[in-house]
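Enquirer: Numbering (our numbering), first residue to last: 1216 to 1760. Yeah, the Cβ is synthetic: ideal placement off N, Cα and C, and Gly gets one too. Remember, it's a predicted structure, so these values are computed and weren't measured experimentally.
Below, the structure written as structure tokens:
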């Protein structure tokens, strides 16, 4: 029985193997169709193609997509689903409540075109009522601003939190120092301020101290300040300072650091209180000395210096004069120079040659020669002698048209004289300052003028005086006494009581001057400091800015 079963199993195995081997191509196709078995033609069971196996292995991952249409394999993403978009908008609103974000700008499309005209009233308004946006307000009551203003304030806030790095500041400072020639030669504005005329009130002077104008050179041991002068143009905030080390330093006055622009070393000229004179055009700086018969001209546009001898102003019989006192005419065509024995040389500056074109002599100057020269017009020159006499000259005719004595003055008392379009002031060795009106320098008047006011606040000899640009202020000083300086309000002819005070560190004032638009007052002293003060009524502080 067992033997029969064994034979039957062998018989069935042989039959099944023969059945498999006997499959024709039609059965193979049907089997592939019904059961998904790969169709293999008869006789291909033992052929192995490695290349096909590799391709099949690479395509195994995408086998489930083999039966899909091409149109079903890809789709266009039209945006975030509605639910996801809603959650995204909620998240964005939460972020805006936590941080300041710039105003979103729409993405331009090809069909978007800029309007030919936009109504300013339709400009988008940004609310500043959020807690974290209140820091952008300029006033507590401010609630909304325009989009442009919002952007500007964001930028301002960012720069306040993240200031410029030190390396950027150094580079900017280096570029400013290298650009001195362009600064001095430029005709474009540097200080942009209000040009409204200021009306000063008596009693209280609105003045504020700034950092010293020469703080960048104080540690170099420059010595006492002998003379200082502001550039005549309000577009060039440059201050020239001459010190006892025989150097002239040019500063860019900005009320903050006032960087040093240039240093001129003139070993041959010992400077004094009248050594610096800017040409009215601002293109040249004249350097003179009472102890030398020569002068130096510095060209601010080319940075070139030329030295000249005063012998070119003299004839063969004359000895060369020292240029102790000089004054340019309002147009800058003529330079007046006071010499020995009351002589005044007229120098043709417009031609560039610097040759004398005439001489005028003030008689009776035994009291100390000529002390001051002031031009009242392009053809009228006033001269003050040491005897307190005033000579009014018609330069075109070389003729003295008027002569009068300062009230209270006598031999040796005349010290200083300054003038403006409406006022004239004379200071003496007693400290008295006589303030005169326009009648003092009118050629058609014969009578001796009377001073409008005699200011007696100084008790020692007057060493310097200066009018500001519009004739509302007069600064007077005495070098002999510490803190010997006063400010006079000319419309009321009164002295300001609030400045200077006993705590104002003026020292012994050796020189002073106003800037071209009176934004600044510079005061030099014998300790080598140039104190800088800002007159608030004449506008905000200007910068290089």
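May I have the straight-line CA-CA distance separating residue 1595 from residue 1566, to the nearest angstrom?
Expert: Taking the straight line from one Cα to the other gives about 20 Å.
Enquirer: Quick one: Cα of residue 1359 to Cα of residue 1469, how far?
Expert: Cα to Cα, the separation comes out at about 35 Å.
Enquirer: So what's residue 1364 in DSSP terms, helix, strand or just coil?
Expert: Helix at residue 1364.
Enquirer: Exposed or buried, residue 1454, counting other C-beta atoms within 10 Å across all chains shown (16 or more means buried)?
Expert: So residue 1454 ends up on the buried side.
Enquirer: Can you grab the Cα-Cα spacing for the pair residue 1680 / residue 1429, in whole Å?
Expert: Using only the alpha carbons, I get a separation of about 21 Å.
Enquirer: In three-state DSSP terms, what is residue 1748?
Expert: Strand.
Enquirer: So, are the CB atoms of residue 1456 and residue 1440 less than 8 Å apart?
Expert: Their beta carbons are under 8 Å apart, which means residue 1456 touches residue 1440 by this criterion.
Enquirer: Between residue 1585 and residue 1540, what straight-line distance do the alpha-carbon atoms span, to the nearest angstrom?
Expert: The alpha-carbon atoms of residue 1585 and residue 1540 are separated by roughly 8 Å.
Enquirer: I'd like to know if the region 1707 to 1715 and the region 1662 to 1682 are in contact, where contact means that at least 3 CB-CB pairs between them fall below 8 Å.
Expert: These segments touch.
Enquirer: Between the Cα of residue 1754 and those of 1737, 1431 and 1730, spot the shortest distance and give me the residue it belongs to.
Expert: Here the closest residue by C-alpha is 1730.
Enquirer: Per DSSP, which residues does residue 1510 bridge with? Please list them.
Expert: Partner(s): 1523.
Enquirer: From the DSSP output, in three-state form, read off residue 1250 for me.
Expert: Three-state result, residue 1250: helix.
Enquirer: Kindly indicate which three-state DSSP category residue 1491 falls into: helix, strand or coil?
Expert: Three-state DSSP puts residue 1491 in a strand.
Enquirer: Candidates 1479, 1689, 1446 and 1471: which alpha carbon is nearest residue 1437's?
Expert: When each option's Cα is compared against that of residue 1437, the closest is 1479.
Enquirer: Which stretch, first to last residue, makes up the beta strand (DSSP E) that contains residue 1197?
Expert: Because the chain in this structure spans residues 1216 to 1760, residue 1197 falls outside the shown range and cannot be described.
Enquirer: Specify the secondary structure class of residue 1711 as computed by DSSP and reduced to three states.
Expert: Correct three-state label for residue 1711: coil.
Enquirer: Quick check: residue 1691 and residue 1634, are their CB atoms within less than 8 Å of each other?
Expert: Against a cut-off of 8 Å, the Cβ pair of residue 1634 and residue 1691 comes out as no contact.
Enquirer: Could you compute how far the alpha carbon of residue 1464 sits from the alpha carbon of residue 1375?
Expert: If you take the alpha carbons of residue 1464 and residue 1375, they lie about 34 Å apart.
Enquirer: DSSP on residue 1620, reduced to helix/strand/coil?
Expert: Reduced to three states, the DSSP call for residue 1620 is strand.
Enquirer: Measuring alpha carbon to alpha carbon, tell me which residue in 1601, 1646, 1569 and 1659 is nearest residue 1609.
Expert: Among 1601, 1646, 1569 and 1659, the Cα nearest to that of residue 1609 belongs to 1659.
Enquirer: Under 8 Å, do residue 1728 and residue 1443 count as touching if we go by C-beta distance?
Expert: Cβ distance < 8 Å, so residue 1728 and residue 1443 count as in contact.
Enquirer: Using a 10 Å radius around the Cβ and a threshold of 16 neighbouring Cβ atoms, would you call residue 1345 buried or exposed?
Expert: Counting Cβ neighbours within 10 Å, residue 1345 comes out exposed, since fewer than 16 surround it.
Enquirer: Who are the Cβ neighbours of residue 1664 in its own chain at under 7 Å, not counting the five residues just before and after it?
Expert: Excluding positions up to five away in sequence, the list reads 1619, 1651, 1654 and 1655.
Enquirer: May I have the straight-line CA-CA distance separating residue 1308 from residue 1354, to the nearest angstrom?
Expert: Low confidence applies here, because residue 1308 scores a pLDDT of 48, under 50, leaving its location unreliable; read the following figure in that light. Each residue's alpha carbon lies about 26 Å from the other.
Enquirer: Which same chain residues end up closer than 7 Å to residue 1693 when comparing Cβ atoms and leaving out the 5 residues on each side of it in sequence?
Expert: If we look at residue 1693 and ignore the five residues flanking it on each side, its Cβ neighbours are 1646, 1673, 1675, 1676, 1677, 1678 and 1699.
Enquirer: Could you tell me which residues DSSP puts in a beta bridge with residue 1424?
Expert: According to DSSP, residue 1424 bridges with 1748.
Enquirer: Determine, using beta carbons only, whether residue 1579 and residue 1603 come nearer to each other than 8 Å.
Expert: No.
Enquirer: Check whether the Cβ atoms of residue 1416 and residue 1749 lie closer than 8 Å to each other.
Expert: Not closer than 8 Å, so no.
Enquirer: Could you give the residue range of the beta strand (DSSP E) that holds residue 1549?
Expert: Run containing residue 1549: 1549 to 1553, per the beta strand (DSSP E) assignment.
Enquirer: Short check: CB of residue 1495 to CB of residue 1547, under 8 Å?
Expert: The answer is yes: Cβ separation under 8 Å.
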